[in-house]
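Here the protein sequences come in this chain order: A and V.
With full-length UniProt numbering applied, the first sequence corresponds to residues 1 to 815, in that order.
With full-length UniProt numbering applied, the second sequence corresponds to residues 1 to 154, in that order.
Heads up, the beta-carbon is just placed ideally off N, CA and C, and yes, glycines get one too.
Notes follow the structure.
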Amino acid sequence: MSPDLAIVIAAVALPFVATALTPLFVRVLGERTGYAGTVVALASFGLLGTQYGQEGTVALEWIPALNIALRFSVDGWALLFALLACGIGALIFTYSPAYMHGQSGLTRYYAALLAFMGSIVGVALAADLIAIFLFWELTSLCSFVLIGYYTADDSSQYAARMAMFITVGGGLFLLVGFLLLSLVAVDVVDSGSAVAVFDLAAMLENPDAMQEALRERGLFLPVLGLLAIGAGTKSAQVPLHFWLPNAMAAPTPVSAFLHSATMVKVGVYFIGRVRPMLVGPEWLVLFATLGLTTMTVCAIMAVASTDIKELLAYSTASHLGLMVAGFGFTSVYGAETGVFHLLNHALFKAALFLVAGIVAHEAGTREIAKLGGLRHDLPVTAAITTVVALSMAGIPPFNGFYSKELLFEAAVEASHYHDIGVLGWLYPAVAVFGSIFTVLYSLRFLSLFFGDRPEGLGHVHRPPVTLLVPPAVLALLAALVSVDPDIAVDVIVQSGLEATAVDPHEMHVGLPTSYSTPVGMSAVTIGVGFLAYPAYGRIHDGVRTLVGGIPPIRSNWWYDTIVEGLTDEGRAFAETVHNGHLRTYATWTLAATCTLALAGFVAAGAISPVAFGLEVTLPIALVLLVAVIGGVAVALSDSHIAGVLTLSILGFMIAIFYILASAPDLALTQLVVETLVLVLFLLVIEEIPESEEIGLGAVGRDAVLAVAVGVTAFVTVLVTTATRPTGPTDIARAYAEQAVPQGGGTNIVNVTLVDFRGFDTLGELAVVALAAISILTLVVMRGRNDDRPTESSDEEPIDAAGSHGTDDTAGGGDE
Amino acid sequence: MTTVIMRTTARAIVPIILVVAISLFFEGHNLPGGGFIGGVLTTTAFAIVYMAFGLDFLERGVLGRDVDPGKGPSRDRVVVAYRRLFAYGFAIAVASGLAPLLFGRPFLTQTFRRLEGIPIYDHLEVASALAFDFGVYCVVVGGLLTILSVVGAE
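Dropping the structure here:
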């Protein structure tokens with residue numbers, strides 16, 4: 001059965017509508033706005049719930065001429081992700097009012113959070129490449145606002161900028177990948193039209209044909225690489241993982257949302273989405289390596305963390321690596337790992353972040369070293385944490401164990417599917433190695449609640465119930481999946497698997513009953529993890545010393561170096577190009593224009609030898625001769641006035657040339673404009689110093705530049721006139737024929753300007769208006785900086801002009 | 001440049017230029033001319049006034065406003081009116097483009113009507129494009145005069 005368009009659209013649009021209404025909510029509800037968000041999230045959740053079990057694509061026309069539509073596709077995988085976003089969104093909104101108590105900027109916070117949720121649901125359901133890109137970048141924008149919530153805080157701004165830079169930049173790679181995909185899809189997906197195809201659902205219906213077409217065109221690897229960069233930046237894969245730990249500058253509910261359910265998983269989600277289309281040996285090597293590296297590196301970094309949110313942030317990146325690696329393995333176990341771990345991770349990580357929020361809120365510190373023995377103060381929280389932390393560690397029978405077991409199985413199986421040589425045993429080894437660190441940091445997080453209470457820890461309050469309910473709900477769900485994983489499989493994971501796996505089969509998970517290699521790997525992981533835990537302090541210090549000692553292995557260092565380098569280079573460049581001398585500006589602009597134009601002609605092969613024929617009539621030759629003499633006279637003139645006057649000779653000759661070429665309109669314009677420019681020049685010229693000493697080098701440079709400009713203009717004229725068809729074109733004929741019947745005017749130029757191409761004229765009007773405004777602003781603003789206070793105080797402020805001029809006519813006379 | 005010759009010439013030619021400019025504007029639909037050329041020519045007339053009589057003349061002599069001569073060259077006294085002129089001109093152009101939407105036609109659709117039996121003219125063609133062209137005229141005059149007066153005041 002196909003889904004209902006109205007319901008799907010409503011589910012996606014609802015959060016955005018609520019975003020627009022947020023100021024109203026905040027005015028009416030004040031700090032309780034979060035509960036309105038809960039209602040919205042639950043409404044979206046319910047709407048999506050009605051589509052449960054449906055499969056298919058629905059579309060709303062958007063730009064039919066370009067084949068772009070708001071196309072939404074519903075299947076198990078999309079529903080799993082969208083429902084997670086709404087469900088966890090509802091819990092986050094419930095949690096927020098208590099956590100954000102007494103904070104300012106609630107409108108911004110809730111509006112961005114709602115839009116964030118809406119864009120995630122959008123990405124999950126969208127099946128049109130353009131729509132996906134739109135929602136994708138929207139998530140980046142919203143996260144930018146959310147991460148930078150504490151606008152006065154430098155680290156918050158830094159983190160927000162970094163997240164924006166990385167994720168939006170990655171999104172651009174994704175866009176290029178999309179365009180290449182749509183290029184290839186035209187051949188495969190018969191759209192019945194010649195325009196590009198952006199219909200991802202249609203592409204996924206013919207995965208083999210798409211892959212074949214991509215390989216035929218040699219675009220397979222570029223597309224794979226571009227999509228991987230896009231998804232990798234979003235999902236914080238090594239080496240671009242560093243923005244995620246920095247993003248902990250956001251308020252904790254945002255972190256919980258960002259890290260657990262949503263934005264960072266968008267990349268993983270998308271990898272799963274295109275998996276059937278692009279899966280192959282290259283896919284395996286790329287994503288399995290990327291994922292396992294991320295998993296291990298970030299797990300080690302999590303062990304080195306000193307802040308509970310930092311620990312969780314690195315662990316998120318590590319688990320994202322696990323999911324990417326899962327999808328990277330081409331066997332069906334790979335898809336099972338990805339889908340199942342996405343669900344499990346959302347359940348335990350959201351709960352852990354909310355717990356971290358409670359701890360930070362109630363104990364007043366987030367430093368791991370200062371916390372411990374909290375079970376006495378926060379018994380319920382401790383119980384919740386026990387479930388979810390053990391789940392994160394992958395200890396049986398908690399739910400994280402099942403999906404990690406699947407990863408081990410996929411890693412072991414990998415060498416059976418493709419000949420990957422030494423990687424066949426390296427993958428399982430790395431998976432085990434990384435998982436040991438996962439066990440370590442999970443136990444460390446759990447130890448916040450056990451062991452001795454440090455001296456410095458003051459009184460810890462009991463959290464209000466609204467802070468406790470959301471993580472409790474998540475922990476209960478995690479416990480439910482732990483006790484009977486088949487429930488989760490039946491409800492959603494199996495249908496998610498069918499959308500992401502090439503050869504889906506009935507999925508079964510459960511506690512192992514007999515020995516197999518993955519079971520052995522799990523035993524090693526857990527055993528070594530527990531054995532090494534007493535040495536946690538030494539491992540922690542060791543990693544910190546290592547990372548602190550060698551800056552280049554810290555990715556933050558690379559980011560800072562590159563960004564600072566760009567800033568310095570940019571400043572130096574600006575000082576060279578914009579040094580305040582008009583001559584420098586002209587030099588750079590003209591040189592750049594000439595270079596680009598000539599390079600363009602050369603690249604396009606447009607320059608070809610032309611035979612010159614002298615077909616000029618005597619009057620035209622005469623006029624042009626005078627113009628040339630005028631040009632020479634400009635160069636030879638020794639005063640500015642003489643230069644301007646001789647320059648006008650050139651302009652007037654061109655006007656006469658237009659008359660001779662029977663273009664009276666152009667000639668009129670040229671004459672009038674030339675006159676006006678002459679007058680303007682004469683007005684300004686008195687301000688210019690009489691003469692200035694110019695060095696020989698500057699003269700040489702100017703000469704070279706002048707010749708270059710002349711050559712460019714000459715070549716451009718030759719190229720453009722050479723490609724012009726002989727005789728009037730269809731368009732020209734149509735204008736000439738239609739001018740009287742359609743425009744009612746016999747002056748074709750004017751009819752074209754105001755009737756046929758009125759929009760162009762409107763644009764030009766805007767240019768004239770902008771030029772006037774900018775000159776006005778430049779001069780007036782310069783005047784304000786002058787030390788002439790008596791005069792500037794007399795001036796009318798610029799923006800007052802429109803407000804009190806309602807009654808006078810447009811003719812200019814007033815008062 | 002405020003010589004007697006210049007002033008006398010200006011007195012004679014400015015009205016002629018203005019009349020020509022206005023006729024160019026109105027005839028633009030059928031003969032060479034139009035809003036842009038008319039606008040630039042009008043601006044030229046103003047420029048000549050500026051050159052011949054100085055910047056304050058327009059305000060004191062034409063608009064009859066009292067200007068304190070001790071304050072040096074006026075920077076943006078006249079400009080306020082010019083600024084409005086191009087703002088309104090732009091509004092007129094956009095509004096004339098929006099008007100067809102009321103009749104269910106696309107943005108910027110133009111139409112025309114031929115009126116018969118008018119005295120002296122016999123027949124007259126009224127094109128809706130004239131309103132748009134008037135917008136163009138206003139923007140050009142307002143914009144260029146703003147630039148002229150600001151630059152000229154320097």
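Anything in chain A within Cβ reach of valine 40 (chain V), meaning under 8 Å, just list it in chain order. Working through the second sequence from its first residue, we reach residue 40 (chain V) at position 40. The contacting residues are Thr669, Val672, Val673, Leu676.
With burial defined as no fewer than 16 other Cβ atoms inside 10 Å of the residue's Cβ, what is the status of isoleucine 607 (chain A): buried or exposed? For the purposes of this step, residue 607 (chain A) is taken as the residue at position 607 of the first sequence. Within 10 angstroms of the beta-carbon of isoleucine 607 (chain A) lie fewer than 16 other beta-carbons, which makes it exposed.
Do the stretch 313-330 of chain A and the stretch 256-276 of chain A make contact, defined as three or more Cβ pairs closer than 8 Å? Because the criterion of three Cβ pairs below 8 Å is met, the stretch 313-330 of chain A and the stretch 256-276 of chain A touch.
Return helix, strand or coil for cysteine 138 (chain V), following the three-state DSSP convention. Along the second sequence, read from residue 1 onward, the residue named residue 138 (chain V) stands at position 138. DSSP, read as helix, strand or coil, puts cysteine 138 (chain V) in helix.
Would you tell me roughly how many angstroms separate the C-alpha atoms of proline 251 (chain A) and isoleucine 147 (chain A), rounded to the nearest one? Residue 251 (chain A) sits at position 251 when you count from the first residue of the first sequence. Residue 147 (chain A) sits at position 147 when you count from the first residue of the first sequence. The C-alpha of proline 251 (chain A) lies about 7 Å from the C-alpha of isoleucine 147 (chain A).
Spatial distance of alanine 299 (chain A) from serine 415 (chain A) (CA atoms): Within the first sequence, residue 299 (chain A) is the residue found at index 299, counting from 1. Within the first sequence, residue 415 (chain A) is the residue found at index 415, counting from 1. When rounded, the distance between both Cα atoms is 25 Å.
Any chance the CB of leucine 776 (chain A) is under 6 Å from a heavy atom of the ligand MG? Ligands in the displayed structure: none, and consequently the ligand MG is not present.
Using the beta-carbon count (16 or more within 10 Å), is proline 73 (chain V) buried or exposed? Position 73 of the second sequence, counted from the first residue, corresponds to residue 73 (chain V). Any reading at proline 73 (chain V) needs caution, since the residue's pLDDT is 47, under 50, leaving its predicted position unreliable; the model's value is listed next. Proline 73 (chain V) comes out exposed.
Closer than 7 Å to chain A by CB, proline 15 (chain V): If you number the second sequence from 1, residue 15 (chain V) lands on position 15. No - not a single Cβ of chain A is within 7 Å of the one on proline 15 (chain V).
Which of helix, strand or coil DSSP assigns to aspartate 307 (chain A): On the first sequence, residue 307 (chain A) is found 307 positions in, with the first residue counted as 1. In the structure shown, aspartate 307 (chain A) sits in a strand (DSSP, three-state: E or B).
Give every residue of the same chain whose Cβ lies closer than 6 Å to the Cβ of threonine 293 (chain A), excluding the five residues on either side of it in the sequence, and list them in chain order. As a working note, residue 293 (chain A) is residue 293 in the first sequence. Counting only Cβ-Cβ distances below 6 Å, and skipping sequence neighbours, we find Val238.
By DSSP's criteria, isoleucine 68 (chain A) is part of a beta bridge. Which residues make up the other side? Position 68 of the first sequence, counted from the start, is the residue given in the question as residue 68 (chain A). Beta-bridge pairing links isoleucine 68 (chain A) to A:Ile63.
Taking contact to mean 3 or more Cβ pairs, one atom from each stretch, closer than 8 Å, check whether the stretch 737-757 of chain A and the stretch 102-112 of chain V are in contact. Because the criterion of three Cβ pairs below 8 Å is met, the stretch 737-757 of chain A and the stretch 102-112 of chain V touch.
Backbone secondary structure at glutamate 216 (chain A) - three-state DSSP: Numbered from its first residue, the first sequence carries residue 216 (chain A) at position 216. DSSP places glutamate 216 (chain A) in helix when its eight states are reduced to three.
For residue 816 (chain A), tell me which candidate among A:Tyr149, A:Glu205, A:Leu224, A:Met210 has the shortest Cα-Cα distance. Chain A is shown only over 1 to 815; residue 816 (chain A) falls outside these bounds and no answer can be derived.
Among residues of its own chain, excluding the 5 on either side of glycine 34 (chain A), which ones have a beta-carbon nearer than 6 Å to its beta-carbon? The residue you call residue 34 (chain A) lines up with position 34 of the first sequence. Excluding positions up to five away in sequence, the list reads Phe93, Ser96, Pro97.
Can we say the stretch 703-717 of chain A touches the stretch 655-666 of chain A, given the rule of at least three CB pairs closer than 8 Å? The stretch 703-717 of chain A is not in contact with the stretch 655-666 of chain A.
Considering isoleucine 88 (chain A), what are the terminal residues of the beta strand (DSSP E) in which it resides? Here the question's residue 88 (chain A) lines up with position 88 in the first sequence. Membership of isoleucine 88 (chain A) in any beta strand (DSSP E) is not indicated; the residue belongs instead to the alpha helix (DSSP H) covering 76-99.
For alanine 91 (chain V) and valine 758 (chain A), the rounded distance between their alpha carbons: Against the first sequence, residue 758 (chain A) aligns to sequence position 758. Against the second sequence, residue 91 (chain V) aligns to sequence position 91. The displayed chain sequence assigns glycine, not valine, to residue 758 (chain A). Glycine 758 (chain A) and alanine 91 (chain V): Cα-Cα distance of roughly 14 Å.
Distance between isoleucine 368 (chain A) and leucine 374 (chain A) (C-alpha atoms, nearest Å): The count along the first sequence starts at 1 and reaches residue 374 (chain A) at position 374. The count along the first sequence starts at 1 and reaches residue 368 (chain A) at position 368. Cα to Cα, the separation comes out at about 12 Å.
How would you call glutamate 137 (chain A), buried or exposed, if buried means at least 16 neighbouring beta carbons within 10 angstroms? Start at 1 with the first residue of the first sequence, and residue 137 (chain A) comes out as number 137. Around the beta carbon of glutamate 137 (chain A), 16 or more other beta carbons sit within 10 angstroms, so the residue counts as buried.
Would you say glycine 54 (chain V) reaches chain A, if we count a Cβ-Cβ gap shorter than 7 Å as a contact? Within the second sequence, residue 54 (chain V) is the residue found at index 54, counting from 1. No, its Cβ sits nowhere closer than 7 Å to a Cβ of chain A.
Alpha carbons only, please: which of V:Thr42, V:Gly143, V:Asn30 is nearest the one belonging to valine 672 (chain A)? On the first sequence, position 672 is the one that residue 672 (chain A) refers to. That would be V:Thr42, whose Cα lies nearest to the Cα of valine 672 (chain A).
Give me, in chain order, the residues of the same chain whose beta-carbon lies closer than 8 Å to that of tryptophan 283 (chain A); leave out the 5 immediate sequence neighbours on both sides. For the purposes of this step, residue 283 (chain A) is identified with residue 283 of the first sequence, where counting begins at 1. In the same chain as tryptophan 283 (chain A), and ignoring 5 residues on each side of it, the C-beta atoms closer than 8 Å to its own belong to Leu224, Arg275, Gly328, Thr330, in chain order.
In the structure shown, what three-state DSSP assignment does arginine 273 (chain A) receive? To locate residue 273 (chain A), count along the first sequence from 1; it is residue 273. DSSP places arginine 273 (chain A) in helix when its eight states are reduced to three.
Is proline 741 (chain A) close to chain V, meaning its C-beta is less than 7 Å from at least one C-beta of that chain? Walking along the first sequence from the start, residue 741 (chain A) turns up at place 741. No, because no Cβ of chain V sits closer than 7 Å to the Cβ of proline 741 (chain A).
What residues of chain V sit near leucine 762 (chain A), judged by a beta carbon separation below 8 Å? Taking the first sequence and counting its residues from 1, the one referred to as residue 762 (chain A) is at position 762. Per Cβ cutoff of 8 Å: Ala93, Val94, Gly97, Leu108.
What residues from chain V crowd round valine 751 (chain A), counting only those whose CB sits closer than 8 Å? Taking the first residue of the first sequence as position 1, residue 751 (chain A) is located at position 751. The contacting residues are His29, Ala129.
Quick check: what's the CA-CA separation for phenylalanine 257 (chain A) versus valine 40 (chain A)? One-based indexing of the first sequence puts residue 257 (chain A) at position 257. One-based indexing of the first sequence puts residue 40 (chain A) at position 40. Between phenylalanine 257 (chain A) and valine 40 (chain A), the C-alpha separation is close to 16 Å.
Helix, strand or coil for arginine 544 (chain A) per DSSP? The residue you call residue 544 (chain A) lines up with position 544 of the first sequence. Correct three-state label for arginine 544 (chain A): helix.
Quick one: list the residues of chain V neighbouring proline 64 (chain A), beta-carbon separation under 7 Å, in chain order. Within the first sequence, numbered from 1, the residue matching residue 64 (chain A) stands at position 64. The contacting residues do not exist; proline 64 (chain A) stays about 16 Å from chain V at best.
Selection from A:Val709, A:Tyr585, A:Ile649 that minimises the alpha carbon distance to leucine 596 (chain A): By 1-based counting over the first sequence, the position of residue 596 (chain A) is 596. Ranking A:Val709, A:Tyr585, A:Ile649 by Cα distance to leucine 596 (chain A) puts A:Val709 first.
Contacts that isoleucine 775 (chain A) makes with chain V (C-beta to C-beta distance below 8 Å): Here residue 775 (chain A) refers to the residue found at position 775 of the first sequence. Going along chain V in sequence order, the residues near isoleucine 775 (chain A) (Cβ under 8 Å) are Thr146, Ile147, Val150, Val151.
Going along chain A in order, which residues have a C-beta closer than 7 Å to the C-beta of isoleucine 37 (chain V)? Counting from 1 along the second sequence, the entry for residue 37 (chain V) is found at position 37. The answer, in chain order, is Leu668, Thr669, Val672.
Proximity test, Cβ basis, 7 Å: phenylalanine 759 (chain A) and chain V: Along the first sequence, read from residue 1 onward, the residue named residue 759 (chain A) stands at position 759. Cβ-Cβ to chain V under 7 Å: yes for phenylalanine 759 (chain A).
Need the endpoints of the alpha helix (DSSP H) that glycine 496 (chain A) sits in, please. For the purposes of this step, residue 496 (chain A) is taken as residue 496 along the first sequence, with counting starting at 1. Element bounds for glycine 496 (chain A): 494-500.
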